[in-house]
Amino acid sequence: MPASIPKWEAELWSYVSHGDGMRCPLYSRCQVKKRGGWCPDENRERLNRLLDERRFNLDDYDFVESEAKGPCRLCELVEMLAQKYLKMGEVRGLPVSTELVTLFDQQHTVEVRQLPLKVHHGAIWYHKDEWVIQLKNGDVPATKRFTLFHEAFHILAHCGTIPVFRKRGSVVV
């Protein structure tokens, strides 16, 4: 992670480091939610169903950005982070190469392994000076891609924050 990062990125990592990994750190003061906008935190089950579906039409899932209410602040910051890495990886169109995840920690190898995971769609491990992203080999390609980039975000979080997530119920001093 570079020594000097943009203000918006420092804001993102500040929120991530103050979260518990289970609930949005801005949940209690989210302005979009207060205006009746769509909140990923309140729609976690719906998002999880999206991952579990064998076939889905993204047009049926237009709820991430509510009209007129816009995306929540955390979603805006994550989108800015995505744009940063798309630019860094010189991505000019779809599909986005899965090799983009190798840019998420340029000091360490990022290896992707497909395994017969039973419970989760994916996981990350830092093992012997490299990152390992595990993907559930039984998932459909679209779910694997989503999970790959989701897990790769956790690599960025580990590189950008200390601690990555507070334990639930703990107090930040």
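With full-length UniProt numbering, you'll find the sequence shown wraps up at 173, consecutive numbering, no jumps. Quick reminder that beta carbons are idealized off the backbone N, C-alpha and C, glycines included. Note that this is a predicted model, so its numbers are computed, not measured.
Residue nearest to residue i in terms of C-alpha spacing, selected from the options
| i | options | result |
| --- | --- | --- |
| residue 107 | 128, 87 and 123 | 128 |
| residue 99 | 123, 44 and 145 | 145 |
| residue 101 | 11, 86 and 114 | 86 |
| residue 116 | 140, 75 and 36 | 140 |
| residue 148 | 119, 19 and 96 | 96 |
| residue 126 | 119, 118, 152 and 120 | 152 |
Sequence-distant residues of the same chain with beta carbon closer than 6 angstroms to residue i, five excluded per side
| i | result |
| --- | --- |
| residue 39 | 33 |
| residue 123 | 134 |
| residue 110 | 101, 102 and 131 |
| residue 104 | 152, 155 and 156 |
Distance between residue j and residue i (C-alpha atoms, nearest Å)
| i | j | result |
| --- | --- | --- |
| residue 6 | residue 78 | 13 angstroms |
| residue 90 | residue 29 | 36 angstroms |
| residue 26 | residue 94 | 31 angstroms |
| residue 92 | residue 83 | 11 angstroms |
| residue 49 | residue 143 | 11 angstroms |
| residue 35 | residue 45 | 22 angstroms |
| residue 41 | residue 158 | 21 angstroms |
| residue 156 | residue 138 | 26 angstroms |
| residue 10 | residue 37 | 25 angstroms |
| residue 150 | residue 73 | 18 angstroms |
| residue 154 | residue 31 | 25 angstroms |
| residue 118 | residue 22 | 21 angstroms |
| residue 13 | residue 20 | 13 angstroms |
| residue 121 | residue 88 | 27 angstroms |
One or two residues paired with residue i in a DSSP bridge
| i | result |
| --- | --- |
| residue 127 | 130 |
| residue 135 | 114 and 122 |
Backbone secondary structure at residue i - three-state DSSP
| i | result |
| --- | --- |
| residue 109 | strand |
| residue 34 | helix |
| residue 50 | helix |
| residue 90 | coil |
| residue 156 | helix |
| residue 29 | helix |
| residue 141 | helix |
| residue 73 | helix |
| residue 17 | helix |
| residue 102 | helix |
| residue 40 | helix |
Cut-off 8 angstroms between Cβ atoms - residues of its own chain near residue i, not counting five sequence neighbours on either side
| i | result |
| --- | --- |
| residue 113 | 132, 133, 134 and 135 |
| residue 47 | 40 |
Proximal residues to residue i (C-beta, below 7 angstroms), its chain only, five neighbours per side dropped
| i | result |
| --- | --- |
| residue 8 | 77 and 80 |
| residue 15 | 25, 26 and 74 |
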